[in-house]
Every structure is written in C-alpha cells, then in structure tokens.
Amino acid sequence: TYGTDSDEAYRFSVYKKNYAYVSSTNARQSSYKVSLNKFADMTNEEFKAQYRNLKQKTTPRNVKLLNEYNVPSSVDWRGSAVTGVKDQGQCGSCWAFSVVCAVESANAITNGVSALQSYSEQQLVDCAGGQYRNEGCNGGNQTWAFSYMQDNGDMLESAYPYTAQDGYCQYDAS
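Residue 1322 in this note's numbering sits at position 77 of the sequence shown, with consecutive numbering throughout.
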C-alpha cells in the first residue's frame, strides 16, 4: 500500500519501467533470465540506497592468493559449495551476507563438507561492530567482518537466526 494516490501512480510507473526491462532482457535470450520481485516498484537508485550499504576500506589484512594452476575452465558449485539464496529484508546487511556466503563456500570447498552449513548473518549484524567498525543494518565492510569471524568464529544460522534488524549480541563461543 502507498500513502497517497500520487505515490501509488508513481510506483506503478516505476513498476511498468521495470516490467519493460525484464521483458526486453528476457527477449534477448541471454544465458540468464531476470524476473520481477518484491523490489519491482523501486528505481535502481532507491534500491542501491536501501540495500547496498557497503562501507569501503582499501587495505585488506592477511590476503592469501589462491593457486590458479591447472583449474577447470568452469565449475557448477550449486548444491556442493553454495547455500540457497537468502534475503536480507529491510536491513542494510549485504556486507554480512557476502562474508557469510564466502565462508560457507570456502569451508565446503576446503574441508570437503558434504552437507553445506549455513552460518549466521545476524551474528555479524549484532556483534561485529565496536572495534570491527561495522554498523549492523546501517552498513558494514567485508574486510572488517572477515576480521571479526577470524577472531571469533561464526555460529550456525539455526542457532542464531536472521531477524533483519539490529539486535544485541547473542554470540555463544561453544
């Protein structure tokens, strides 16, 4: 629902533009498809302002380069090294989701984990502030979040579920 008739008319015009984009993109028969979702009444600029709250930092710590010798030209990691799509909701926690996804995948690839484990984004949102300088639902930085995880570890999502809002740190080292 929208506040006024003019708000609704504007949102409908944005929706129609997004619908036209989806239709024209899918008509090109690329290797991918796009579709409408719950963000279809938002402009690109509005979406970026609401959901891309990444805080930039230029100096990573403990960078480890991967050996690229003798690797296949392509690999389908679905089901073996990446969990399903997750939704950050109205919280600006893209930074936490990207870090958790990277750690989940690295764990599965490195340790041969047969059943993917889904780690807690909410732990980062609630606990990786302070000395790690992330701001929960107001944005954060992957490097700082990796530092937090390196120092503290991360709980499973089942033990520390995502709420899409800032909360108090419930971290349990066990």
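For glycine and all other residues, C-beta sits at the position ideal for the given N, C-alpha and C.
Note that the structure is a prediction, hence the values are computed from the model and not measured.
Report the CB separation of residue i from residue j in whole angstroms; it is logged as a contact under 8 Å.
i	j	result
residue 1216	residue 1367	Here the chain has residues from 1246 to 1419 only, and residue 1216 is not among them.
residue 1371	residue 1414	5 Å
residue 1400	residue 1365	5 Å
residue 1279	residue 1270	5 Å
residue 1390	residue 1383	That belief does not hold up - the Cβ atoms of residue 1390 and residue 1383 are roughly 14 Å apart, past 8 Å.
Take residue i as the anchor and find which of the options has the nearest alpha-carbon.
i	options	result
residue 1386	1321, 1274 and 1341	1341
residue 1419	1266, 1278, 1411 and 1405	1405
residue 1396	1410, 1403 and 1416	1416
residue 1369	1313, 1316 and 1346	1346
residue 1381	1273, 1411 and 1353	1411
residue 1286	1263, 1316 and 1325	1263
DSSP beta-bridge partners for residue i?
i	result
residue 1327	1323
residue 1337	1383
Would DSSP call residue i helix, strand or coil?
i	result
residue 1264	helix
residue 1364	strand
residue 1249	coil
residue 1295	helix
residue 1255	helix
residue 1288	coil
residue 1349	helix
residue 1272	helix
Is the beta carbon of residue i within less than 6 Å of some heavy atom of the ligand ADP?
i	result
residue 1262	Only the bare structure without any ligand can be found here, which leaves the ligand ADP out of the picture.
Completely contained alpha helix (DSSP H) runs for the region 1377-1414, where each covers 4 or more residues: Along the length of the region 1377-1414, whole alpha helix (DSSP H) runs at least 4 residues long occupy 1387-1397, reported in chain order.
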